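Below you'll find the structure, written out as structure tokens, and then a few comments.
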Amino acid sequence: MSHMINTDATILNHLPQSFQNTLPSAVADKIANLEAGSEMWLLPPLVDLCARLREPGQQQHGTLESEGRAARGNGFLHVVIPPDTNPILENGSLLKGLRERALDDGGIYLHVLGALTAGLEGERPSNIAGLKKGGCIAVSNARRPFRNDLVLLRTLEYAATFGMKVFFYPDEPSLSGDGVAHEGYIASYHGLQGIPWIAETVALSTQLLMVEETAIAAHFSQLSCKSSIELMRWAKDKGLPVTCDVAMHQLYLTDDNLEGFNAQAYVLPPLRSNTDQQAIRRGLKDGTIDAICSHHEPLNSTAKKAPFAESTPGISNFDTFMALACQLVKDEVLTLAQLVDKICLNPAKIAGISEQYENIGGAVLVDPNLEWQVTSESMLSNGKNTPFFNQKLQGRVVETFFG
Amino acid sequence: MSNSIDSQSIPTISPTDYTKFDPDTIHEKLDASLSRPQLNTDGSIRHFLGIEGLNKAQLRAIIAKAETFFDDKGQLINRPELEGYTVMNLFFEPSTRTRTTFEVAEKRLGANVLNIDIERSSTKKGESLRDTLWNLQAMTADIFVVRHSASGAAHFMATEVTPDIAIINGGDGWHAHPTQGMLDMLTIHREAPRPFEELSVAIVGDIKHSRVARSDISALQTLGVKDIRVCAPRTLLPKGIERFGVQVYENMNECVTDCDVIMGLRIQNERIGSPLLASSSEYYKHYGITPERMALAKPDAFVMHPGPMNRGVEIASSVADGAQSVILKQVNNGIAIRMAVLSLAMEGQRAHQAAGN
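Protein sequences, first through last, are from chains A and B.
First residue of the first sequence: 1, per UniProt numbering; consecutive thereafter.
First residue of the second sequence: 1, per UniProt numbering; consecutive thereafter.
Below, the structure written as structure tokens:
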């Protein structure tokens, strides 16, 4: 690629060869015009394993157009959405229409998790064969419960029949109850109802054993607890067909950020303790955690205007994702090559879209040292709900290129 | 162009505040975060939302102000400091005792008082708390006394109301009941033979779900009590309670031994027979405030309770009605404290407005 360069800019190029072969000429033009002395990262497009774009059913918070624009502007060309929309994603033609509109209006490739159980009610399997035919990459019950463990077991067996992967968001509702914050000192200090870490790990343990029994391929998303990482380590050592991710904000925020009833830090699963955060950072580094998702949940301006527990959980994460990713490299949690694995290549493999991903190609140019302030104007997402609001961060996507 | 990252080429910048946890400063940070809306720039009280973030002098000032509402014979006096002002009591959850004592305090100060039973009105029709609040402030008032089932509701309201309104927290969720906390401090101040710094105080009962316990612990610490003990079965203790700066006991006899003050907390009936408590009789046997347990405390010890009491569950009738009980004095002191807080908050509001805010 040296023919592109006519400046003294340092380009840390982490594009796999297959992406370099189809690199659009606009990339070369952009790089040629970089300021001398600047340092840039050239990465493959980002793949997000869990974001909520708020369509269908919650357009007051965001739309395929607004959140697609935010995703693309922040480096995500491929986005996986869970099925708990309104209506629930359990209809092949609905999925097809959504995917088309996401590309036409939002400029992104949408990948859909279909409902694992009918209506996500945890009573019986959905039409999984039909969903597969409609283009679902996997099925999931989101964070909704199953009526009992037998339903879960039989539903997994049914999904396995059609070779469908299952995405889990482990939560045992009888333990998480009406909780709104990590059960610990910070929640106690504020008088907020806690969610114990075992609400996640009890569910995860059950689900891992079911995976072992059914041999179904499974992905576990948004893990937040130290013990969850230990359980995943056990499952991988045992050779189970499992992968997992964590949300980017869990790597930089803890329950300390709830101080003063900060509803902007209200998210489910909740921000956990410093001990949990250190454990998931270690799990990321040693490869137990395969990927980092955005867990982007944009909300309108009134959703957080209520007492903490009565506000709507969620953080708008697309816009701050790359700054935190850059910080992971600067903090030496990951090398840049490892980061590319966690936010680009591994998510594509987990979503089962690697071939399409490579064929589409594209590139993302990142300035890891660009300092910017998180404001309404600087955020592309409709949702301005972030605990980083008004903070200065370093690192941002300069441009996202289509292949 | 380089194909691999050279970590030396990327300067390590200081991580943001979000990445660091410092156990030595977390208390100060939390206290500061909760004091933010309630103090004027000069440190005077503008809203009264919680004990956290207030210093010893501020708590002493509330106690001293409350004392001015007693005459030489110890009787409460009327003083029309709020004449011409309007106070709205906004109770989003039911309360008899707290609302009544606030109303008495407001009338003794000469305020125009409006009791608005919101539990059965707008919010039941789906109106958001913010809209309800904005509608009420459009009707013009000077002080909102607020009780709400959500922790942090008073803090939220303090950030939403116009600058000419003061918010007094009449209890929010499990978080705080600061006027109860201060009336407890006034009671200890008046009844204890020793200063706060020399006292041993035991708080027994449902600590986990008690806003009173959180406010009491915070006030006792701020006023210098070094020996604060809490006692309950583990199901009624909040996670991380030891980090509140208290000694945790599961054995009631050990907890009350040599104590100066025993503060009982109410056990709600729905907790009994739930996964939290087996039965009222077992609770009473192990955690009830009985004459035998009072005998383990110092001879001049006294017992307190915020009410309403479950006799025979958390306290024996003979103790509740006995010579060592100051429970009815607490009720009387509650009026003085609420008069003091209303008066100070109104002063703070005037100062805030005079400063051009």
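Don't be surprised by glycine CBs; every beta carbon is placed ideally from N, CA and C.
Bear in mind that the values here come from a model prediction, so they are computed numbers and not experimental data.
Item to check | Minimum Cβ-Cβ distance from Leu305(A) to chain B less than 8 Å | outcome: Strictly speaking, residue 305(A) in this sequence is Lys, with Leu absent from that position. Lys305(A) counts as touching chain B.
Checklist entry - Who are the Cβ neighbours of Lys226(A) in its own chain at under 7 Å, not counting the five residues just before and after it? => result Excluding residues within five positions, the ones whose Cβ falls inside 7 Å are Thr275, Asp276 and Ala279.
Checklist entry - So, helix, strand or coil for His296(A), using DSSP? => result Three-state DSSP puts His296(A) in a strand.
Next on the checklist: What would DSSP say about Asn317(A), mapped onto helix, strand or coil?
Outcome noted: Per DSSP, reduced to three states, the secondary structure at Asn317(A) is coil, with no helix or strand assignment.
Item to check | Neighbour flag for Gly283(A) against chain B, beta carbons, 8 Å | outcome: At a cut-off of 8 Å, the C-beta of Gly283(A) has no neighbouring C-beta in chain B.
Next on the checklist: Is the separation between the beta-carbon of Phe402(A) and that of Gly362(A) shorter than 8 Å?
Outcome noted: Going by beta carbons, Phe402(A) and Gly362(A) fall inside the 8 Å limit.
Checklist entry - So the beta strand (DSSP E) Trp41(A) belongs to, where does it begin and stop? => result Per DSSP, the unbroken beta strand (DSSP E) holding Trp41(A) starts and ends at Glu39 to Leu43.
Next on the checklist: Quick check on Thr161(A): does DSSP put it in helix, strand or coil?
Outcome noted: It is helical.
Item to check | Collapsed DSSP secondary structure at Glu399(A) in the structure displayed | outcome: Three-state DSSP puts Glu399(A) in a strand.
Checklist entry - Assuming Leu98(A) contacts Val139(A) under a Cβ cut-off of 8 Å, what Cβ separation, rounded to an integer in Å, is found between them? => result Not a contact, Cβ separation roughly 16 Å.
Next on the checklist: Residues of chain B with CB closer than 7 Å to the CB of Glu35(A), please, in chain order.
Outcome noted: Within chain B, no residue comes near Glu35(A); the closest Cβ sits about 16 Å away, beyond 7 Å.
Next on the checklist: Strictly under 8 Å for the Cβ-Cβ distance: is Ala138(B) near chain A by that measure?
Outcome noted: Answer no: the Cβ-Cβ gap between Ala138(B) and chain A never drops below 8 Å.
Next on the checklist: I want to know whether the region 248–263 of chain A touches the region 228–239 of chain A - three or more CB-CB distances under 8 Å.
Outcome noted: Touching, no.
Item to check | Whole-angstrom C-beta distance between Ile116(B) and Ile143(B), which should lie under 8 Å | outcome: With 8 Å as the limit, Ile143(B) and Ile116(B) do not qualify as a contact, their Cβ atoms being about 13 Å apart.
Next on the checklist: Nearest by alpha-carbon distance to Ala71(A): which of Glu55(A), Leu94(A), Arg101(A) and Gly106(A) is it?
Outcome noted: Per the Cα distances, Gly106(A).
Item to check | Separation of Val212(B) from Glu52(B), as counted between CA atoms | outcome: If you draw a straight line from the Cα of Glu52(B) to the Cα of Val212(B), it comes to about 13 Å.
Checklist entry - Touch check for the region 50–61 of chain A and the region 80–88 of chain A: three-plus C-beta pairs under 8 Å? => result Touching, yes, given that three or more Cβ pairs across the two stretches are closer than 8 Å.
Checklist entry - What did DSSP end up calling Asn329(A) once you bin it into helix, strand or coil? => result One point to set straight first is that residue 329(A) is Val, not Asn, in the sequence displayed. Here Val329(A) sits in helix by DSSP.
Checklist entry - Do three or more CB pairs link the region 322–332 of chain A to the region 390–397 of chain A at distances below 8 Å? => result By the C-beta criterion, the region 322–332 of chain A is judged to be in contact with the region 390–397 of chain A, since at least 3 inter-stretch pairs fall below 8 Å.
Checklist entry - With 16 as the cutoff for other CB atoms within 10 Å, does Pro313(A) come out buried or exposed? => result Pro313(A) should be labelled buried.
Checklist entry - Between Gly170(B) and chain A, is there a C-beta pair that is closer than 8 Å? => result It does not; no Cβ of chain A falls within 8 Å.
Item to check | Sheet register partners of Cys231(B) (DSSP bridge) | outcome: Bridge partners of Cys231(B): Val204(B) and Tyr249(B).
Next on the checklist: Please report the straight-line C-alpha distance between Phe308(A) and Ala263(A), rounded to a whole angstrom.
Outcome noted: Distance between the alpha carbons of Phe308(A) and Ala263(A) is about 5 Å.
Checklist entry - Quick one: Cα of His236(A) to Cα of Glu100(A), how far? => result According to the sequence provided, residue 236(A) is Lys. The question's His does not apply to it. Their Cα atoms are separated by approximately 36 Å.
Next on the checklist: With a threshold of 7 Å (Cβ to nearest heavy atom), would Ile241(B) be considered close to the ligand GTP?
Outcome noted: For the ligand GTP, the structure offers nothing, since it holds no ligand at all.
Next on the checklist: So that I know if they touch, is there some Cβ in chain B lying closer than 8 Å to that of Phe389(A)?
Outcome noted: No, Phe389(A) lies away from the interface with chain B (no Cβ there is under 8 Å from its Cβ).
Item to check | Close beta carbons around Pro193(B), own chain, < 6 Å, minus the five adjacent residues each side | outcome: The beta carbon of Pro193(B) lies closer than 6 Å to those of Asp300 in the same chain, with the five residues before and after it left out.
Checklist entry - When the Cα of Glu157(A) is compared with those of His249(A), Val333(A) and Glu213(A), which residue comes out closest? => result Check the Cα spacing between Glu157(A) and each of His249(A), Val333(A) and Glu213(A): the tightest is with Glu213(A).
Checklist entry - Quick one: which chain B residues come within Cβ less than 7 Å of Ser188(A)? => result Annotation: Cβ neighbours of Ser188(A) in chain B (cutoff 7 Å, chain order): Pro238, Lys239, Gly240 and Ile241.
Checklist entry - Can you list, in chain order, the residues of its chain whose CB lies under 8 Å from that of Leu153(A), leaving out five sequence neighbours each side? => result Closer than 8 Å at Cβ, skipping near neighbours: Met210, Glu213 and Thr214.
Next on the checklist: Buried or exposed, going by whether 16 or more other CB atoms sit within 10 Å of the CB of Gly285(B)?
Outcome noted: Position check: residue 285(B) holds Lys in this sequence, whereas Gly was assumed. Per the 10 Å Cβ criterion, exposed.
Next on the checklist: If contacts are defined as beta-carbon pairs under 8 Å, then Val180(A) and Tyr266(A) qualify, I think. What distance do you get, rounded to the angstrom?
Outcome noted: That belief holds up - the Cβ atoms of Val180(A) and Tyr266(A) are roughly 6 Å apart, short of 8 Å.
Item to check | Residues of its chain near Ser174(A), where Cβ-Cβ distance is below 8 Å and the 5 sequence neighbours each way are ignored | outcome: Closer than 8 Å at the Cβ level, and outside the excluded window around Ser174(A), lies no residue.
Item to check | Per-residue contacts from Leu23(A) into chain B (C-beta, under 7 Å) | outcome: For the C-beta of Leu23(A), not a single chain B residue is nearer than 7 Å; the gap to the nearest is close to 13 Å.
Checklist entry - Do we get a CB-CB distance below 8 Å when we pair Gly312(B) with the residues of chain A? => result Judged by the 8 Å Cβ criterion, Gly312(B) is not in contact with chain A.
Checklist entry - Taking Cβ positions only, does Leu345(A) come closer than 8 Å to chain B? => result Cβ-Cβ to chain B under 8 Å: no for Leu345(A).
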